[in-house]
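Chains as they are written, first to last, in numbering that gives the first Met the number 0: chain R, 0 to 446; chain A, 0 to 224. Note that the Cβ used here is the ideal one computed from N, Cα and C, for glycine as well. All values reported here derive from a predicted model rather than from experimental measurement. Everything on this sheet refers to the single structure shown next.
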Amino acid sequence: MTAQLQSLRGLTIAFLSLFLLVTTAAGFGTFFATLSMIDNLVDHRIDMESQALAPLGKAVSLSDLRERIAVMTQERNTGDLGVLLTDGQGRAIAGNARFDRSLPLGFSSLGHLDRIEGLSAGRVLVRDIGDGMRLTVFAETEPIDDYFSARRRIYIAGFGAIIIVVLAGLLLFRRLIGQRIEQMRRTAESIVEGDMSQRVPLLGDGGEFDRQAAAFNHMLDRMSALMAEIRNISNNISHELRTPLARLRNELSRLEQQPEAASVRPALQRTTEQADGLLAMFSAMLRIAEIENGSRRAGFQPLHLRRLVAEIVDMAQPLAQEGRQDIVVEEHGRGDDIALTGDRQLLAQMLLNLLENAIRHTPNGTVIRLDIARDHDRAIITLTDNGPGIPAEQRALVMRRFGRLDRSASGHGLGLPLADAIARLHQGSLMLEDAMPGLRIIVTLPL
Amino acid sequence: MKLQVLLVEDDKYLRQQLVDQIAHFGHDVETAQDGLNALEITGRRTFDVVILDWMMPTMDGITALRQMRTGGMNVPVLMLTALGQIFDKVEGFEAGADDYVVKPVDPLELNARIQALVRARRTSEQPADTISADDIVVSPSRLRAWRAGHPLNLSQTEFKLLLELARHAGTVVTRPMLIEKVWGYDFIPTTNIVEAQIRHLRIKLVEHGDDPITTQRGMGYILRS
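Quick look at the structure:
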């Protein structure tokens with residue numbers, strides 16, 4: 000309940016229900032309070048008039064009473080009153096009205112059923128004034144006929160209008176807030192997807208929403224500035240380290256070719272290879288940085304996935320065959336090619352990286368299966384090997400940069416993070432699963 | 000092949016290192032420290048190849064290159080730069096660069112690339128239907144190749160590899176060059192995929208003679224010319 004109340008929708012519904020309840024209660028309350036107040040006033044009046052005719056505790060002669068009744072029914076200010084004097088047998092003695100039923104002593108209400116001309120609702124007071132005589136005085140509680148239903152219509156129209164105005168206002172208000180929140184949500188989502196250039200649109204009215212959006216945008220500006228700074232630092236480090244390292248590597252390869260180096264040549268070659276490994280690591284880091292800044296998105300072009308996969312498999316197959324491994328592209332997946340928009344170079348690098356990983360980390364005789372499928376609006380590339388696989392608890396590790404399972408093994412631990420960055424640049428994803436036995440990598444790319 | 004090389008690089012230290020490295024392969028090197036200086040020198044004499052840095056004070060490499068091309072100078076130009084992003088590459092090629100190498104560059108790689116540029120320029124000046132390297136003949140238009148008169152049964156990739164090696168027969172073709180020219184990719188694989196492909200090509204070539212491909216360790220391949 001508390002959770003529901005905290006959502007805009009829940010709050011709107013709760014407020015509306017409460018408002019309707021209060022308005023309706025107030026409507027009915029006012030309506031009936033007015034009615035009972037009129038009844039009280041009328042009761043008071045007929046009581047006064049009844050006392051005037053036959054004062055309490057004083058004997059009045061019948062002739063006096065007749066005369067007073069006649070006067071009362073003729074005078075302008077009391078002419079609207081109804082009076083009836085009956086004897087002990089209930090027979091009318093004087094007055095200007097007759098009743099079909101016998102009325103109880105004291106105050107009671109009159110209505111249409113009493114069939115009194117010109118009276119739709121009223122109050123009546125019946126008093127026993129001695130000698131079995133009863134004095135009945137009554138008055139209308141409605142100034143005009145059917146005043147009750149007219150008043151009911153007025154109340155419904157009045158309170159109805161209030162309800163409609165508040166309801167419309169509330170819905171409009173809710174829509175306005177909803178729209179502004181939606182704009183902010185959409186901006187945040189674009190940011191999460193890597194488009195740091197998105198900002199919440201401002202209306203320029205200087206209102207609370209604009210001020211909040213401006214603060215939000217300001218925060219985003221600050222964040223992207225900090226991110227750019229960090230990116231620059233890491234790019235600079237990679238660039239700056241790469242230059243001296245390349246110089247070192249060049250010196251080594253020059254030394255290696257000197258005739259005097261014959262005795263240490265194998266050692267020099269190993270050292271050169273290590274330098275190459277380091278340089279490859281820097282290239283991969285710079286490549287990831289390049290992918291993550293999103294600038295390559297501008298170069299996205301239409302391409303055919305199956306054709307690209309065939310090219311990459313053709314490229315890697317000879318290497319696989321040397322380890323008596325085999326890359327099999329699943330036949331059932333064949334059919335129409337899958338067209339998508341992306342960076343051909345990067346997707347090729349991702350596919351080759353994954354195949355190279357599979358070739359490098361599985362023993363001889365392993366079969367590497369590639370399945371390309373289309374599922375509605377996305378392409379699914381599944382790469383399965385029947386090698387040793389990666390234990391579940393270590394899958395997160397290999398997805399992290401420099402997260403290698405075996406530190407002594409070759410490779411720089413950037414292959415899977417690089418492939419993952421490429422998938423994410425294409426708004427896709429990369430997942431690792433247990434193929435029982437072996438490893439299954441599932442890359443999903445939106446079409 | 001001894002080449003006349005113009006090296007345009009503003010960084011004194013790097014310039015000296017590059018001069019030493021290029022001279023090590025027997026080429027004659029003249030240097031310029033910026034784009035303006037390079038235009039002066041190229042106006043005075045001709046070169047086989049120009050190695051041009053991108054970022055330089057006074058006049059950057061790309062402006063100098065555009066002016067050289069506008070002036071009708073068709074010398075092969077290799078851009079040398081620390082920037083490695085795809086759009087810079089496109090800009091370089093549009094300005095008229097023939098090749099593009101991201102710093103830091105391996106001297107052997109640099110030498111292989113300038114040799115390849117000069118050779119490619121000469122072959123394009125004398126168009127021939129077939130390319131010969133020793134007893135190997137490759138016909139790019141017919142997509143066929145022969146060794147000692149025997150037709151070779153090559154896959155598409157093997158054919159492209161042989162064609163690229165034959166175009167530069169006698170000089171080193173590096174792995175990055177092969178990745179770029181045969182497969183069209185701008186990244187370097189992490190495994191010895193190229194080595195495996197070359198081995199397959201070798202198996203088909205040795206059916207009709209000895210092994211005409213020499214491997215330069217850590218560097219690339221040379222097809223006997």
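In the structure shown, Met72 (chain A) falls within a coil segment according to DSSP collapsed to helix, strand and coil. An exposed status is given to His217 (chain R), since fewer than 16 other beta-carbon atoms sit within 10 Å of its beta-carbon. Taking 7 angstroms as the cut-off, the Cβ atoms of Leu116 (chain A) and Asp98 (chain A) count as close.
Against Lys102 (chain A), the close residues of chain R are His238, Arg241, Thr242 and Ala245, in the order they occur along the chain (beta-carbon pairs closer than 9 angstroms). Thr213 (chain A) places its beta carbon less than 7 angstroms from that of Ile221 (chain A). Contact between the stretch 260-280 of chain R and the stretch 333-344 of chain R is not established, with fewer than three Cβ pairs separated by less than 8 angstroms.
Residues of chain R with a Cβ closer than 7 angstroms to the Cβ of Trp182 (chain A) are, in chain order, Met314. Neighbourhood of Ser252 (chain R) in chain A, by CB distance below 8 angstroms: Asp105, Pro106, Leu107, Gly217 and Met218, in chain order. The C-beta distance from Thr190 (chain A) to Ile358 (chain R) rounds to 7 angstroms, short enough to fall under 8 angstroms. Under the three-state reduction of DSSP output, Thr62 (chain A) falls in the helix class. Proximity of His199 (chain A) to chain R, defined by a Cβ-Cβ separation below 7 angstroms, is satisfied.
Taking 7 angstroms as the cut-off, the Cβ atoms of Gly159 (chain R) and Glu139 (chain R) do not count as close. In chain order, Asp134, Ile135, Leu204, His207 and Gly208 place their CB closer than 7 angstroms to the CB of Arg146 (chain A), counting only its own chain and leaving out the 5 sequence neighbours on each side. Residue-level contact check: Pro258 (chain R) does not touch chain A, since none of the beta carbons of chain A fall below 7 angstroms from its beta carbon. For Ser223 (chain R), the three-state secondary structure derived from DSSP is helix.
Taking a contact as a CB-CB distance under 8 angstroms, the pair Leu109 (chain A) and Val100 (chain A) counts as one, their CB atoms being some 7 angstroms apart. For Asn191 (chain A), the neighbours in chain R by C-beta distance under 8 angstroms run, in chain order, Leu318. Membership of Ala395 (chain R) in the alpha helix (DSSP H) is indicated by the continuous run Ala391 to Met398. Counting along the chain, the unbroken beta strand (DSSP E) around Arg143 (chain A) starts and ends at Arg143 to Arg146. In the three-state DSSP reduction, Ile202 (chain A) falls in the helix class (H, G or I). Three or more beta-carbon pairs drawn from the stretch 27-42 of chain R and the stretch 135-155 of chain R are found closer than 8 angstroms, and the two stretches are therefore classed as touching. Apart from sequence neighbours up to five positions away, the residues of its chain that approach Thr365 (chain R) with a beta-carbon distance below 7 angstroms are Gln324, Asp384, Asn385 and Gly386, ordered along the chain. Using a Cβ-Cβ cut-off of 7 angstroms, Gln196 (chain A) is close to Pro317 of chain R, given in chain order.
Note: Ile135 (chain A) is bridge-paired with A:Ala132 and A:Arg146 in the DSSP secondary-structure output.
Put simply, the CB of Asn292 (chain R) is far from chain A, with every gap to its CB atoms at 7 angstroms or more. For the stretch 335-361 of chain R, residues whose beta-carbon sits nearer than 8 angstroms to a beta-carbon of chain A comprise Gln344, Ala347, Gln348, Leu351, Asn352, Glu355, Ile358 and Arg359. Using beta-carbon distances, Asn249 (chain R) counts as an interface residue toward chain A, with a partner under 7 angstroms. With fewer than 16 other Cβ atoms from the protein chains shown falling within 10 Å of its own Cβ, Asn231 (chain R) counts as exposed. Only Trp182, Tyr184, Asp185, Phe186 and Ile187 from the stretch 163-187 of chain A bring a Cβ to less than 8 angstroms from some Cβ of chain R. Closest in C-alpha terms to Asp194 (chain R), from the list R:Phe215, R:Ser223 and R:Asp209, comes R:Ser223.
DSSP, reduced to helix, strand and coil, places Glu329 (chain R) outside both helices and strands of the structure shown, so it counts as coil. Ser16 (chain R): member of the alpha helix (DSSP H) spanning Leu7 to Leu52, first to last residue. With distances taken between CA atoms, Ala395 (chain R) lies nearest to R:Asp433 out of R:Ser148, R:Thr381, R:Asp433 and R:Ile380. Excluding the 5 residues flanking it on each side, Gln20 (chain A) has same chain C-beta neighbours closer than 6 angstroms at Pro106, in chain order. In the DSSP assignment, no residue is bridged to Phe299 (chain R). Relative to Arg166 (chain A), the option among A:Lys180, A:Asp27 and A:His26 whose CA is nearest is A:Lys180.
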